[in-house]
Amino acid sequence: MKGYLAFTKKEFVEQIRTYRLLICLSVFFLFGLMSPLLAKLLPEILSGMDLQGMVLAIPEATAMDAYAQFFKNITQMGIIVILLVFGGVISNELTKGTLINILAKGLGRHTVILAKYTAMLVLWTLALAFASLVNHGYTMYMFDTSDISNLLFSLFCLWLFGAFLLSLIILSSVLTGGNFGGLILTVVVLGGLLILDLFPKLEKVNPIYLSSHNLEFLTGALMPADALLPVLVTIALLIGNILVSISLFNHKKL
Amino acid sequence: MMAVLELKNLEKSFGKLEVIKDLSFAVEEHSVFGFIGKNGAGKTTTMKMILGFLQPDAGEIYVNGERVAYGNSKTNRYIGYLPDVPEFYGYMSPKEYLRLCGEITGLPKEVTQARSKELLSMVGLENTNRRIRGFSRGMKQRLGIAQALLNEPRLLICDEPTSALDPIGRKEILDILSIARERTTIVFSTHILSDVERIADNIGVINDGKLVLEGPVQNIKNMKRKDTIQIVLSNQEMNTELMSRINELPFVLEGALEKDGILIKLTNAEKFGKEIMSLLVREDIPVLRYEILEPSLENVFLEVVG
Chain B
43 MKGYLAFTKK EFVEQIRTYR LLICLSVFFL FGLMSPLLAK LLPEILSGMD
93 LQGMVLAIPE ATAMDAYAQF FKNITQMGII VILLVFGGVI SNELTKGTLI
143 NILAKGLGRH TVILAKYTAM LVLWTLALAF ASLVNHGYTM YMFDTSDISN
193 LLFSLFCLWL FGAFLLSLII LSSVLTGGNF GGLILTVVVL GGLLILDLFP
243 KLEKVNPIYL SSHNLEFLTG ALMPADALLP VLVTIALLIG NILVSISLFN
293 HKKL
Chain X
1324 MMAVLELKNL EKSFGKLEVI KDLSFAVEEH SVFGFIGKNG AGKTTTMKMI
1374 LGFLQPDAGE IYVNGERVAY GNSKTNRYIG YLPDVPEFYG YMSPKEYLRL
1424 CGEITGLPKE VTQARSKELL SMVGLENTNR RIRGFSRGMK QRLGIAQALL
1474 NEPRLLICDE PTSALDPIGR KEILDILSIA RERTTIVFST HILSDVERIA
1524 DNIGVINDGK LVLEGPVQNI KNMKRKDTIQ IVLSNQEMNT ELMSRINELP
1574 FVLEGALEKD GILIKLTNAE KFGKEIMSLL VREDIPVLRY EILEPSLENV
1624 FLEVVG
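Take a look at the structure:
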């Protein structure tokens, strides 16, 4: 336990001093800020353009448009940022050899995995909470948000998807060597999940569900009960990823 | 005396390459064991197996009487390890790094603080508060020793601690190790024989995956003893004449004329040296220098490994 706390603390120090915390928070802050702004400005930008006589009927922007932008930003750019920041989380330390001293002190290998996952999860939670707060505040300021439902649950789905993604990054980073192995393998697996998402029958057993239906929860088209299966499947996969990572890491040559 | 480290019939191959074949040795408490071998002889592989970083194909390793298990090695709490090229978190200062190490080992805060202070001054980094990122190789090596000694290990394992350093850095590391030997047992690998001669009590020479020679440094030097006498004459013109006379002597194994004088190899310099001296006196050959050269491990090493 002491070792776990010490190593988690080291991970936080690392996030701060290698500017990971700063990068994540500022990028996510921008997402929070940009999304309502883009939703508001997009119709005006379009109407200001010379469309050579074409008439575009653009409906007035609503809070839903702001959230549509927000979810799009987080699930696309946000995930790329997370991937770049954490892609080599295990393999970097193995390639550099910084983990050797630590493991030679008798720190359990499972502790390394758990501490790293904890620190990553905390950073993701902070970043997402920050972005959500900024976004929601700004959206409230500019639009009428009274018809938004299930907001917290929708955000929870997004958070859980992120948590799953982080466990996938850990597993990929344990499996592969080099600085970018973990990143590439995660992208490949995500690609695979996106392809599986094309089959409606498999949709509900695919974590992608949690990052692709967020807006439908807000509009009330979907209710939390609809997401029960994807939530459970994702939690199971997440735990599985971590357990497999630990077991593989225990048997890894150093 | 109890063995702190014991290796029994260790075997390890990487694919078809057999690196370690039937390696066994034991290191007694409070001794310094020099683990000698050519590059690629399997020294690092052996050390990694002791730390549980690599899985042996066969055989057993005991640290402090406990068997080493691959993967999650509890026995590492007895060990301090200095890798050949120690790597640290570049964004930390030496003090912060040692604090992390102390927390991981579960040392109380005050103990970590006191020992960090003591160790950092021992390795000459007590006033270095900048981050490790800009450290030279020698500084990293010294910090490596400090972190390895922090938890007062029963066994300090150093993987080629001096190989990559300049002569001053080497001397510093050897001095630090000589201080450390008073508190712990040291196993260190090297291919620099003068380092072994300076600090090791016992050596083991690994070649072809097996220990080909093992024992106290002094014994080994004497066992393979082949003394050399160096004679420099004041009158260089008499060299050839003297050479022919010396080569006639029955106890001389080999006499050679080198640019720094005549080198005579013989079995026992003290016993037969007198006869050479009396020869010099009898023939009235003026001598500038007469010296019995110390036997060196290098000769032994080349003989065993070569």
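Those protein sequences? They're chains B and X, same order as listed.
Heads up, the first sequence is in our numbering, so the first residue is 43 and it goes up one at a time.
Heads up, the second sequence is in our numbering, so the first residue is 1324 and it goes up one at a time.
Where is the CB? At the ideal position from N, CA and C, for every residue including glycine.
Closest Cα partner of residue i within the set the options
i                 : options                                    : result
GLU1614 (chain X) : X:MET1325, X:THR1513, X:ASP1583, X:ILE1455 : X:ASP1583
GLY262 (chain B)  : B:LEU193, B:ILE284, B:PHE172               : B:LEU193
HIS1514 (chain X) : X:MET1462, X:PHE1624, X:ILE1343            : X:PHE1624
LEU1418 (chain X) : X:GLU1433, X:ASN1395, X:LEU1443, X:PRO1409 : According to the sequence shown, residue 1418 (chain X) is Lys rather than Leu. Nearest C-alpha to LYS1418 (chain X): X:LEU1443.
ILE1599 (chain X) : X:PRO1573, X:LEU1620, X:GLU1581, X:ARG1465 : X:PRO1573
GLU1488 (chain X) : X:THR1369, X:GLN1470, X:ASP1518            : Checking the sequence, you will find Leu at residue 1488 (chain X) rather than Glu. Among X:THR1369, X:GLN1470, X:ASP1518, the Cα nearest to that of LEU1488 (chain X) belongs to X:ASP1518.
SER1396 (chain X) : X:ASN1542, X:GLY1375, X:ALA1579, X:PRO1431 : X:GLY1375
LEU225 (chain B)  : B:PRO101, B:LEU170, B:PRO242, B:PHE128     : B:PHE128
LYS1371 (chain X) : X:LYS1335, X:LYS1597, X:LYS1361            : X:LYS1335
ARG1612 (chain X) : X:GLY1360, X:MET1445, X:ILE1402, X:LEU1586 : X:LEU1586
PHE259 (chain B)  : B:PHE195, B:ASP239, B:LEU202, B:PHE73      : B:PHE195
LEU208 (chain B)  : B:PRO266, B:SER254, B:LEU126               : B:LEU126
LEU1421 (chain X) : X:ILE1529, X:VAL1528, X:VAL1408, X:GLU1449 : X:GLU1449
VAL1540 (chain X) : X:PHE1356, X:PHE1458, X:GLN1436, X:SER1501 : X:PHE1356
GLY219 (chain B)  : B:LEU136, B:LYS82, B:GLY45, B:THR60        : B:LEU136
GLN1553 (chain X) : X:ARG1460, X:GLU1577, X:GLU1571, X:GLU1537 : X:GLU1577
LEU1602 (chain X) : X:ILE1569, X:SER1619, X:GLU1593            : X:ILE1569
VAL1408 (chain X) : X:ASN1591, X:SER1619, X:PHE1458            : X:PHE1458
GLU1626 (chain X) : X:GLY1363, X:MET1546, X:VAL1604, X:LYS1463 : X:MET1546
Contact set between residue i and chain X, taken where Cβ atoms lie within less than 8 Å
i                : result
GLY150 (chain B) : ASN1395
THR60 (chain B)  : TYR1414
ASN292 (chain B) : GLY1394, ASN1395
PHE71 (chain B)  : In chain order: nothing, as chain X lies at least about 23 Å away.
GLU53 (chain B)  : The premise fails here: GLU53 (chain B) is roughly 10 Å from chain X at the closest Cβ pair, so nothing lies under 8 Å.
VAL56 (chain B)  : Rather than Val, the amino acid found at residue 56 (chain B) in this sequence is Glu. Simply TYR1412, TYR1414.
Same chain, Cβ closer than 6 Å to residue i, neighbours up to 5 away in sequence not counted
i                 : result
PRO272 (chain B)  : LYS246, TYR251, LEU252
ILE1491 (chain X) : none
TYR1385 (chain X) : GLU1329
ASN1452 (chain X) : SER1416
GLY1388 (chain X) : none
Closer than 8 Å at the beta carbon, the chain B residues around residue i
i                 : result
GLU1410 (chain X) : LYS138, GLY139, THR140, ILE142, ASN143
CYS1424 (chain X) : ASN143, ILE144, LYS147
LYS1366 (chain X) : Those within 8 Å of LYS1366 (chain X) in chain B number zero; the least Cβ separation is about 16 Å.
Cβ neighbours of residue i in the same chain (closer than 7 Å, five flanking residues each side left out)
i                 : result
ARG1521 (chain X) : LEU1497
THR140 (chain B)  : none
ILE1608 (chain X) : LEU1556, MET1561, LEU1565
PHE54 (chain B)   : ALA161
LYS1533 (chain X) : LYS1344, ASP1345, LEU1346
SER1354 (chain X) : THR1508, ASP1524, ASN1525
GLU1621 (chain X) : LEU1516
Distance cut-off 6 Å: residue i Cβ against heavy atoms of the ligand SAH
i                 : result
LEU1448 (chain X) : Absent from the structure shown: the ligand SAH. Ligands present: none.
Host beta strand (DSSP E) of residue i (start-end)
i                 : result
PHE1511 (chain X) : 1508-1513
GLY1382 (chain X) : 1381-1386
ASP1482 (chain X) : 1478-1482
LYS1335 (chain X) : 1326-1337
PHE1348 (chain X) : 1340-1351
GLY1360 (chain X) : 1355-1360
TYR1404 (chain X) : 1402-1405
Opening and closing residue of the alpha helix (DSSP H) in which residue i lies
i                 : result
ASP1518 (chain X) : 1516-1522
TYR1420 (chain X) : 1417-1428
GLY1527 (chain X) : Where GLY1527 (chain X) is concerned, there is no enclosing alpha helix (DSSP H), although the beta strand (DSSP E) it sits in stretches over 1525-1530.
THR1369 (chain X) : 1366-1373
LEU125 (chain B)  : 121-128
ALA1503 (chain X) : 1490-1503
PRO272 (chain B)  : 270-292
ARG1438 (chain X) : 1432-1445
Cross-chain neighbours of residue i in chain B, by beta carbon under 7 Å
i                 : result
PRO1417 (chain X) : The premise fails here: PRO1417 (chain X) is roughly 13 Å from chain B at the closest Cβ pair, so nothing lies under 7 Å.
ILE1515 (chain X) : Here the premise fails: no neighbours, minimum Cβ distance about 22 Å.
GLN1470 (chain X) : ASN143
GLY1400 (chain X) : Looking at the sequence shown, residue 1400 (chain X) is not Gly but Arg. Simply GLY148.
Neighbouring residues, chain B, relative to residue i (Cβ below 9 Å)
i                 : result
PRO1406 (chain X) : GLY139, ILE142, ASN143, ALA146
ASN1474 (chain X) : LYS147, GLY148
GLY1461 (chain X) : By Cβ distance, chain B contributes nothing, its closest Cβ being about 17 Å from GLY1461 (chain X), past 9 Å.
LEU1374 (chain X) : ILE142, LEU145, ALA146, LEU296
LEU1377 (chain X) : LYS295, LEU296
Same chain only: Cβ atoms within 8 Å of residue i, ignoring 5 sequence neighbours per side
i                 : result
ILE155 (chain B)  : ILE132, ILE212, VAL216, ILE284, SER287, ILE288, PHE291
THR1440 (chain X) : Note that residue 1440 (chain X) corresponds to Lys in the displayed sequence, not to Thr. Around LYS1440 (chain X): GLU1449.
Chain X residues whose Cβ lies nearer than 7 Å to that of residue i
i               : result
ALA48 (chain B) : LEU1423, GLU1426, ILE1427
LYS82 (chain B) : In chain order: nothing, as chain X lies at least about 41 Å away.
LYS44 (chain B) : GLU1426, GLY1429
message: Restricting to runs no shorter than 4 residues, where is the alpha helix (DSSP H) found entirely within the region 1580-1619 of chain X?
response: 1592-1605
message: Which complete alpha helix (DSSP H) runs does the region 135-196 of chain B hold, if anything under 4 residues is left out?
response: 140-146, 151-184
Within the region 1532-1570 of chain X, ranges of the alpha helix (DSSP H) (whole runs, at least 4 residues): 1540-1546
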